[in-house]
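Remarks on the structure that follows.
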Amino acid sequence: MEEDFPKLQVALDLMNLKRALRIGREAAEGGVDWIEAGTPLIKSEGMEVIRKLRDEFSD
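Be aware that the sequence shown starts at 2, since it is given in this note's numbering, and climbs by one per residue.
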């Protein structure tokens, strides 16, 4: 049964992958439900960033 609690989503709207990963780790440690690759990050780093985020935050 899915909980009816609000979900917390963090959009990584940054242009630097290292910084995005650091913030993503902090968000994950804080209990965020979803981590999203924002448009600025995809435009600056390319679609490969999706794989990198998936590898880092597979849970």
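We put the beta carbon where it would ideally sit given N, CA and C, even for glycine.
Could you tell me which residues DSSP puts in a beta bridge with residue i?
i          : result
residue 13 : 38
So, with DSSP's three-state summary, where would you put residue i?
i          : result
residue 56 : helix
residue 32 : coil
residue 8  : coil
residue 47 : coil
Measure the Cβ-Cβ separation of residue i and residue j and say whether it is below 8 angstroms.
i          : j          : result
residue 53 : residue 35 : no
residue 33 : residue 50 : no
residue 39 : residue 14 : yes
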